[in-house]
Every structure is written in structure tokens, then in C-alpha cells.
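Student: Each position in the sequence shown, counted from 1, maps to that position plus 28 in our numbering. Ideal placement from N, C-alpha and C gives every residue a C-beta, glycine not left out. Being a predicted model, the structure only gives us computed values, none of them experimental. Could you have a look at this structure, given as C-alpha cells, before my questions?
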Amino acid sequence: MSTLDSKIPEGPLADKWTSYKNSIRLVNPANKRLIDVIVVGTGLAGGSAAATLAELGYNVKAFCYQDSPRRAHSIAAQGGINAAKNYQGDGDSTYRLFYDTVKGGDYRSREANVYRLAEVSTNIIDQCVAQGVPFARDYGGLLDNRSFGGVQVSRTFYAKGQTGQQLLLGAYSAMSRQIGKGKIQMYNRHEMMELVIVDGKARGIIARNLVTGELERHSAHAVVIASGGYGNVFFLSTNAMGSNVSAAWKIHKKGAYFANPCFTQIHPTCIPQHGDQQSKLTLMSESLRNDGRIWVPKKKEDAEAIRAGKLKPTDLKEEDRDYYLERRYPSFGNLVPRDVASRAAKERCDAGFGVGTNETGEAVYLDFSSAIMRYGREEANVKGLHDASEDDIRKLGTKVVEAKYGNLFQMYEKITADNPYETPMKIYPAVHYTMGGVWVDYNLMTTIPGCYALGEANFSDHGANRLGASALMQGLADGYFVLPYTIGDYLADDIRTGAIPTDSKEFDEAEKSVQEKIDFFINNKGKHSVDYFHKRLGKVMWNKVGMARNKKGLQEAIDEIKEIREQFWKEVSVPGANDGINQELEKAGRVADFLELGELFARDAMEREESCGGHFREEHQTEEGEAMRDDKNFTYVAAWEYTGEPSKAILHKEELKYENIELKTRSYK
């Protein structure tokens with residue numbers, strides 16, 4: 029097995045990627061036709077990688093468990109995609125994007141990878157515009173930008189509140205062109221069940237046809253995992269119900285190290301949970317924090333009256349409202365990073381100022397009244413209506429806000445039955461993105477030769493907290509502009525290898541292990557459903573490994589997850605058969621993986637005796653409740669090696685060196 033060699037190129041930071049591309053080996057176009065690549069996952073990272081590799085001439089097999097790549101969870105990203113084009117002329121640059129990303133991640137990401145991400149960000153926008161992605165434009169016809177948390181420039185390109193969908197359609201159109209040419213074989217409704225390793229290299233996968241139940245063998249010279257994040261380990265999250273960790277976990281169990289599992293993002297602007305029967309949570313885009321102001325009542329009695337339904341938020345005067353982010357963080361206000369905004373909301377609700385109608389009062393307001401009136405006055409001035417009434421100004425402002433965020437407001441109203449143009453939205457933090465993932469080197473290769481991980485499935489670019497609008501940036505950077513270069517350096521050794529046979533003992537053993545697990549689930553006849561165990565796991569994770577963690581709670585979580593896992597294997601019930609569509613069988617395999625990941629997650633959080641980004645240990649905080657890092661002991665990537673049980677996983681450390689950025693306490697005040 030490979031050691032933890034990050035393969036970061038030598039030389040100045042700004043020259044590393046260019047110099048590296050100039051020195052790596054290439055595969056000539058005629059030889060690319062002799063090489064097969066498997067891509068698992070067809071969201072932004074996998075879709076862009078599959079399309080680009082096929083465009084270059086490789087033979088690509090692409091797999092997704094959805095009925096179409098267009099249903100990948102990337103479609104749910106609403107707010108935008110970052111790029112350092114500086115269209116606003118407000119001081120942005122490649123270095124500024126690099127700096128903001130490292131600082132936003134609380135100095136727990138790899139400098140070289142983040143700089144490369146910032147460097148290629150501008151190419152992504154050009155690529156997507158060429159594909160026809162309908163980015164918003166300003167009055168002069170240039171692409172428009174808006175701001176996101178943790179930065180003081182406007183660098184986020186957007187397509188209303190549907191940016192992820194439009195970018196995914198761009199990648200899908202590029203894929204479709206290659207599918208039509210026969211360079212991509214598309215396997216919809218197929219789930220990767222196992223990685224096949226031959227002579228120490230990733231050489232294929234076992235996939236299950238989710239319609240027929242048939243197990244299939246697929247070989248290739250390299251395997252690319254782009255299967256997204258693992259937020260659904262919490263059961264309730266903003267992720268699609270089908271999102272899972274299984275592809276990443278399968279390669280982890282075959283030798284790929286899993287890095288920083290405890291670095292999970294809590295998003296501050298989610299519609300609050302309603303009741304115990306809810307199956308997922310709905311995110312309101314962070315772009316709303318551009319114009320929405322977040323507040324709670326200043327007086328507890330007002331908060332109590334609102335929770336009891338005796339008082340409306342619109343009844344409270346301005347002086348009775350606590351715009352707590354603007355008060356605590358004047359420089360960034362409502363645009364502080366997600367981890368900071370989430371903890372601040374939790375602190376206010378825990379202190380009794382929450383306005384939610386749920387049992388715990390867990391909600392704060394996101395209010396657009398100020399923005400509506402501000403935009404209304406601007407529009408009135410433009411139209412020469414200098415004596416317009418308040419009602420007229422409000423109507424004009426409402427139209428501006430509707431043009432910018434209309435589909436998001438419509439979604440909120442459909443879910444809550446409240447009109448956000450007239451009454452403030454209610455929001456509360458929820459599990460969203462996972463910064464942890466499969467450990468990869470500078471080439472995006474895991475510790476298994478020939479096995480790569482892209483996008484949210486890897487750990488590499490966001491440290492302990494992801495800045496908003498950077499997920500789409502990383503997914504497309506990895507797929508369009510990084511992997512197509514780096515994978516060639518590895519595949520240069522395979523131009524004479526020939527097709528990888530699937531009748532070897534390695535494929536036999538991999539298929540047999542998959543079949544045995546399926547047979548177990550179908551024949552177990554337990555007494556509890558898969559969801560019963562998933563919900564129990566989720567409650568433990570949220571209550572003890574969620575927004576705030578402490579040593580006692582983490583140890584309890586480890587013990588409880590072990591207990592749930594043991595009971596799962598004895599008492600899980602999976603109805604139906606294995607020779608057709610069986611969604612309970614699909615879920616059973618995914619929850620089995622979550623039950624192992626959950627324990628490693630808690631163990632990683634226990635090991636990291638500091639607070640940084642999305643990882644907040646209550647024992648390590650300032651008097652003001654801010655995260656307290658320990659740079660002396662924890663400036664490293666925690667990469668875990670699987671040895672049979674999460675409790676026996678071996679910790680490897682990749683030391684993080686900061687040669688271009690000064691390590692200092694993060695401040696947004």
C-alpha cells in the first residue's frame with residue numbers, strides 16, 4: 029500500500045500547477061483509445077470528468093444509481109459558483125480566493141491544492157458559458173456576481189437560485205455528446221457494490237443493476253469515485269435521500285485512507301425541522317444572506333410570545349430586534365462563514381431567544397423587509413417617482429427581490445405556507461456538506477494505485493469548513509481541469525496492458541462477497557426496518573457529534589453506535605427479493621456503511637482535541653464562544669486506515685505546511 033505522499037510539486041506556489049503540467053507524462057491520442065476508465069457518480073465532478081476524459085479519447089464507463097445523471101444531488105446547489113474573475117473590480121484575485129478559502133477552512137487544508145483550485149476557477153466560468161449555462165448578467169451584459177459568506181468581494185456567479193441544476197445540465201450535455209459517439213457507456217440505475225483490485229491496482233468494480241438485481245463485472249485501467257458526501261449519516265440532512273457514502277466506503281475498506289471524517293458542515297439557512305416523521309431537510313440558499321438580515325427578539329418574553337403564537341415578528345419594532353451577526357461580527361455581518369453563523373444561531377436559541385414553533389424553539393428569522401424597501405427606493409428614483417408612497421416602494425422592491433430570488437421564495441412558501449415577502453423566513457442550522465472524505469494526493473489519487481476520488485468524495489480543498497459556492501467550483505475544477513491531466517501520468521504505463529479480463533479470481537471473490545451480503549439481508553428476517561436503525565444512528569450523531577461536541581458525548585456516541593450496529597446485523601428486516609427493484613435492499617447496504625462511518629466519525633472528533641471550522645469541541649473555545657484551534661498539535665490531515673473495525677482503524681497524519689499564509693486566529697469582526 030502507498031504511504032502518505034501528497035506529491036506536492038516543488039517550486040513557488042503560483043508556479044506549481046503550470047510547472048507540474050509541463051513535466052508530467054502524456055498519453056497520445058491513438059493510445060487513449062486503448063484505455064478504459066470507470067467513473068462512479070455523474071454529478072458535477074463525475075459528469076465533467078467523464079465528458080472530458082471521453083472527449084480526450086479514453087473509453088469511459090459511467091455509473092449512477094439515479095435514473096439519469098440529471099438527478100445527481102449537484103442539482104440541489106442553489107446559490108452560485110465562485111471564480112476569481114474580478115468582474116466587480118472590488119479587489120478580487122487568484123490569491124484572494126486562495127486566501128479566503130484557506131482562512132474559511134480554518135487553516136486545515138492543503139495550500140497547493142487550494143491555490144490550484146483558485147487558479148483554474150476562471151476557466152470553469154468560460155467553459156460553462158460556452159456550454160450555454162444561463163448565468164445572470166448585469167445591466168451592461170457582463171456576467172453578474174453576488175457575495176457569499178466569509179469574503180469581502182463579490183465573486184459568486186449564479187443562475188437565479190438554480191445554479192447547480194444549470195451547471196449539471198451543461199456537464200450532462202457534454203456527456204450526452206460522448207454517449208452519442210459511443211465513447212461513454214452510460215449505466216443508469218446501477219450501484220457500485222465493490223472495488224476490484226488486481227496486482228495492487230484498481231482494475232474494476234462489481235455493480236448491481238438496480239432494476240433487474242443482476243450483479244455485473246466491469247473492468248478498467250483506472251477507477252474514479254465521484255459519489256458525493258456522507259451527510260446522510262445524520263439521517264436528517266439537506267442531502268437527497270439517496271445520497272450515501274457507500275462507494276467511498278467500499279474503497280476505504282479496500283485500502284483507501286479516509287480523511288477528516290469529523291469535518292462536516294452545518295449550514296445556517298435551513299428550514300427548521302417539523303416533527304419526528306420528517307425524512308429530509310430543505311436548504312434555503314446562502315445567497316439569501318446577501319439581502320436577508322438575521323435576527324431574534326432582544327427580549328425573552330417577546331421570543332416566548334412569538335413561540336406561543338401571541339405575537340408576530342412584524343409586530344416587533346426595529347429597536348426590539350437583535351441582529352446578532354451584525355452585532356457580533358461588524359466587518360462581515362450576515363455574511364460570516366457558515367460555521368460561525370450556525371453556532372451563533374444555536375447560541376441564541378439555546379439561550380431562549382429562538383422563535384421556532386417546534387418544541388425547542390429552534391429557529392431564527394431571515395428578514396428581507398430592509399432589502400425590499402432599499403431596492404424599492406432605488407427603483408423609485410430610477411423611475412423618477414420621488415414622492416412614491418411606502419406601499420408603492422414596497423411593491424417595486426418586491427419585484428426586484430423576486431427577480432433575484434423568486435424560485436427560492438416560492439419554494440419556502442410551498443413548504444411552510446408563509447409568504448416570505450410579507451413575513452420573515454424561519455431558518456435553523458442543519459447538516460449539509462462534508463469536508464472530510466477519501467484522502468487523495470495532488471493528483472487526486474487515493475492510497476490505492478489507479479483509484480481516484482473527486483469532488484465532495486475527497487477531502488482535499490476545504491479544510492474544516494467550506495465557504496459557500498465553493499462546492500460547485502471544486503467539483504468542476506476536479507472533473508474538467510485537474511483529473512484529465514493527472515490521470516494521464518498514471519495511465520501512461522497502461523498503453524500496452526490491453527483490456528482487463530473480468531474472469532479472474534479477483535473478480536470472482538469480489539462478486540462472491542457482494543452476493544453473500546445481499547443474501548444475508550434478504551434471508552435475515554429480523555424485526556426492525558432499515559430506517560429504524562438509520563434514524564437511531566442519526567439521533568446519536570446529531571445529539572452527540574453534531575454542532576457541538578465534547579469528550580463525554582463522543583465516547584457515548586462511539587459506544588451507542590457500536591451497539592446499534594451489532595443490533596442491525598442481528599435484527600434488520602429487508603422485505604422483497606434480490607432479483608428486481610428493491611429499494612429497502614439498496615438502503616440496507618448503505619446504512620450498514622453509515623453505521624461503520626459513524627463510529628469512525630466520532631472517533632476522529634474525539635482524537636482532534638481542538639475546535640476548528642465545522643468541528644467544535646466545547647472544551648476548546650474562547651470566552652466569547654469562538655473556536656479555539658491548537659496549531660501546535662493538530663495542523664495535520666487525519667487519514668484513517670481500515671483494518672477490520674472502525675475502533676481498530678490506524679491514524680496516519682499528513683502534516684500541513686503553511687509557507688504562503690500566516691497561521692493566525694480566524695476573525696470576522
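Taking its Cβ as the centre, do 16 or more other Cβ atoms sit within 10 Å of K697, making it buried, or is it exposed?
Tutor: So K697 ends up on the exposed side.
Student: Within a Cβ cutoff of 8 Å, which residues of the same chain sit near R636, ignoring the five residues on either side of it in sequence?
Tutor: Closer than 8 Å at Cβ, skipping near neighbours: C290, H643, R645, F662 and A666.
Student: For L311 and T191, I'd like the C-alpha separation in whole angstroms.
Tutor: Cα to Cα, L311 sits roughly 14 Å from T191.
Student: Less than 8 Å between the C-beta atoms of D350 and V324, yes or no?
Tutor: Against a cut-off of 8 Å, the Cβ pair of V324 and D350 comes out as a contact.
Student: Pull the bridge partners of H218 from the DSSP assignment, please.
Tutor: DSSP output for H218 lists N237 as bridge partner(s).
Student: Would you mind working out which of A250, D547 and K211 sits nearest V224, comparing C-alpha positions?
Tutor: The shortest Cα separation from V224 among A250, D547 and K211 belongs to A250.
Student: Between A90 and the rest of its own chain, which residues show a CB-CB distance below 6 Å, the 5 nearest in sequence each way excluded?
Tutor: Excluding positions up to five away in sequence, the list reads V67, T70, A78, I212 and M214.
Student: Could you give the DSSP three-state label for H246: helix, strand or coil?
Tutor: If DSSP states are grouped into helix, strand and coil, H246 belongs with the strands.
Student: If contact is defined by three or more beta carbon pairs under 8 Å, each pair taking one atom from either stretch, is the segment 682–697 in contact with the segment 358–371?
Tutor: Yes, the segment 358–371 is in contact with the segment 682–697.
Student: Within the same chain, show all residues whose beta-carbon is closer than 7 Å to that of S307, passing over the 5 residues directly before and after it, in chain order.
Tutor: The residues are M269.
Student: Taking only three categories from DSSP, how would you classify V459?
Tutor: Strand at V459.
Student: From A605, F622 and L170, pick the residue whose C-alpha is nearest to that of V239; which is it?
Tutor: With distances taken between Cα atoms, V239 lies closest to A605.
Student: Just the C-alpha distance for S30 and R524, rounded to the nearest angstrom, thanks.
Tutor: Low confidence applies to S30: its pLDDT is 43, below 50, so where it sits in the model is not reliable enough to give any reading.
Student: The beta strand (DSSP E) with T297 in it runs from where to where?
Tutor: T292 to C298 is the span of the beta strand (DSSP E), which, as asked, contains T297.
Student: Give the straight-line distance between the Cα atoms of L482 and G256, rounded to the nearest whole angstrom.
Tutor: If I take the Cα positions, the gap works out to 8 Å.
Student: Measuring only the C-alpha atoms, how far is Q180 from A499?
Tutor: Spanning the two alpha carbons is a distance of roughly 19 Å.
Student: Residue range of the alpha helix (DSSP H) that F549 falls in?
Tutor: Residues K533 to N551.
Student: Report the start-end ranges of each beta strand (DSSP E) in the segment 306–387 that is 3 residues or longer and not cut off at the edges.
Tutor: As far as the segment 306–387 is concerned, its whole beta strand (DSSP E) runs of at least 3 residues are 321–325.
Student: One question on the structure: do A372 and L353 come within less than 8 Å of each other, judged by their Cβ atoms?
Tutor: A contact, by the Cβ cut-off of 8 Å.
Student: Among residues of its own chain, excluding the 5 on either side of E683, which ones have a beta-carbon nearer than 6 Å to its beta-carbon?
Tutor: Within the same chain, E683 has close Cβ partners Y664.
Student: Across the segment 510–521 and the segment 52–65, are there enough close Cβ pairs to call them in contact, namely three or more that are closer than 8 Å?
Tutor: Verdict: yes, contact present.
Student: Buried or exposed, going by whether 16 or more other CB atoms sit within 10 Å of the CB of L41?
Tutor: Classification of L41: buried, given that the 10 Å Cβ count is 16 or more.
Student: Using a Cβ-Cβ distance under 8 Å, would I299 count as near chain B?
Tutor: Reference to chain B is not applicable here, since this structure consists of a single protein chain.
Student: CB A100 to CB L196, shorter than 8 Å?
Tutor: A contact, by the Cβ cut-off of 8 Å.
Student: If contacts are defined as beta-carbon pairs under 8 Å, then G177 and V364 qualify, I think. What distance do you get, rounded to the angstrom?
Tutor: Between V364 and G177 the Cβ distance is about 6 Å, and since that is below 8 Å, they are a contact.
Student: At the level of alpha carbons, what is the spacing between E690 and F126?
Tutor: For E690 and F126, the distance between alpha carbons rounds to 13 Å.
Student: Any idea what DSSP makes of E690, helix, strand or coil?
Tutor: The answer is coil: DSSP assigns E690 none of H, G, I, E or B.
Student: Quick one: what's got a C-beta closer than 7 Å to K590's C-beta in the same chain, skipping five residues either side?
Tutor: Correct list, in chain order: E627.
Student: Sorted by chain position, which residues of the same chain lie with C-beta nearer than 7 Å to S34's C-beta, five sequence neighbours on each side aside?
Tutor: Hits under 7 Å: R138, D469, Y470 and E682.
Student: Could you give the residue range of the beta strand (DSSP E) that holds W668?
Tutor: It spans Y664 to E669 - the beta strand (DSSP E) in which W668 sits, taken as one unbroken run.
Student: Mind listing, in chain order, the continuous alpha helix (DSSP H) runs of no fewer than 4 residues lying wholly within the segment 397–434?
Tutor: Counting only runs of 4 or more, we get 397–410.
Student: Could you tell me if I443 is buried or exposed, where buried requires 16 or more neighbouring beta carbons within 10 angstroms of its beta carbon?
Tutor: Exposed: under 16 other Cβ atoms inside 10 Å.
Student: Just how far apart, CA to CA, sit A416 and D446?
Tutor: When rounded, the distance between both Cα atoms is 27 Å.
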